[in-house]
Each structure stands twice: as C-alpha cells, then as structure tokens.
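First residue of the sequence shown? That's 13 in the working numbering, and the numbers climb one at a time after it.
Idealized CB from N, CA, C, for every residue including glycine.
Here the structure is a predicted model, which means the values were calculated and not measured.
Structure first, then comments.
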Amino acid sequence: VYTKNSITKVLGTQFNVTAFADESLLEVQVIEGIVAVEKGNRSQGFGDIILNEGDLLKTDEQLNTYEIHSNVSKSAHSKWRQGVIVLDDLSLDRISERLERWFPMEIILESEGLADKNLTAEFRSSQPLEEILQEISLALNIEYKVDQQTVIFY
C-alpha cells in the first residue's frame, strides 16, 4: 500500500492502513502476520519498520515522529468497515477532518485553543450529525452552532 510518505508491504498477513492525503498522520495495524512499513515516499527509502501481529504504528510526518503500540485490540481499528467512526485520543482539529469525510459539511474552530482539545469516542456513521456534535460538545465542554452546511465550534 503506497501512501504519501510510506510503503506498507504485505508479507502474508491481514492489516489496516489509515492514511489521508491531506493529513500527516498514518496508522498501520497488523491483524495477523507481519508487515514491513518503509518510511519515506516511493523515491526515498529510509528502511523498514517491522510490525508483528497486534502491533499498531502511529506516525505523524509533520512532526517527524512515530510510535509502536503492542497488543492493540484488533477490533478497534477495523470498526470503520462496520461504519464506526473511531476517535482514539484525537485533537478536535483531527476530529473535524474525520467528520468532514463522513458528513457533507465544513467544520470551523473559532479559536486556536480548541484545536488541541482531545477526545476518545466512537460514533456510528448512521448516527444523526446533530447527536454526534452534541456528544462532542458535552465531552469537551465547548459550544457549537450549525449554519447550513457549516459547523462552528466555539
């Protein structure tokens, strides 16, 4: 699997890759077997990171960091297949990006301080957007308003 800044190679396994072209985050979770993640893009190889069953690699290319978590729940990172939006200790800035992928809307954070508020939660993609927004605002102790296809957190 080629992404903007990595190559994940199949070595007889099952795995999930979460990467979006407009985000600097990459997650690779090994469900079964072993994978090798080559850091860098197709033209620049920085060597392989070997992941075993139950490992989760989280990278942030913008910050040039990565970490590997072992014995991660296999179901948590494959829930997207069942239409579950999993937010695992994500900032409101990242949550906004994820929600904009699931729902036809734009999210605006009225102040920069809101971007750093983190949340861990799960939502069904079939849940009404209003319900998800209410739960996020309650959990983070913030307000929001909806104006047509725009949500403003403040």
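Runs of alpha helix (DSSP H) with 4 or more residues, each lying fully within the region 45-123, are found at 104-114, listed in chain order. Spatial neighbours of residue 96 in its own chain (CB-CB distance under 8 Å, excluding positions within 5 residues in sequence) are listed in chain order as 134, 135, 136, 137. As the crow flies, the alpha-carbon of residue 83 is around 15 Å from that of residue 39. In this structure, the alpha-carbon of residue 59 lies about 44 Å from that of residue 140. About 13 Å separates the beta carbons of residue 43 and residue 23, which is beyond the 8 Å limit, so they are not a contact pair. An exposed status is given to residue 124, since fewer than 16 other beta-carbon atoms sit within 10 Å of its beta-carbon. Nearest in C-alpha terms to residue 85, of all of 76, 127, 66, is 66.
Across the structure, residue 103 and residue 81 are spaced so that their CA atoms are roughly 19 Å apart. When beta bridges are read from the DSSP output, residue 130 appears opposite 103. Under the three-state reduction of DSSP output, residue 39 falls in the strand class.
Relative to the Cα of residue 33, the nearest Cα in the group 14, 51, 61 belongs to 14.
Contact between residue 69 and residue 78 holds, with the beta-carbon distance rounding to 6 Å and staying under 8 Å.
By the Cβ-count criterion, residue 118 is exposed, with fewer than 16 other Cβ atoms from all chains shown falling within 10 Å of its own Cβ.
In the DSSP assignment, residue 164 falls within the unbroken beta strand (DSSP E) covering 162-165.
In the DSSP annotation of this structure, residue 139 is not part of any beta strand (DSSP E), being labelled neither H nor E. Separation of the CB atoms of residue 121 and residue 105 is rounded to 7 Å, and the pair is thereby assigned contact status at 8 Å.
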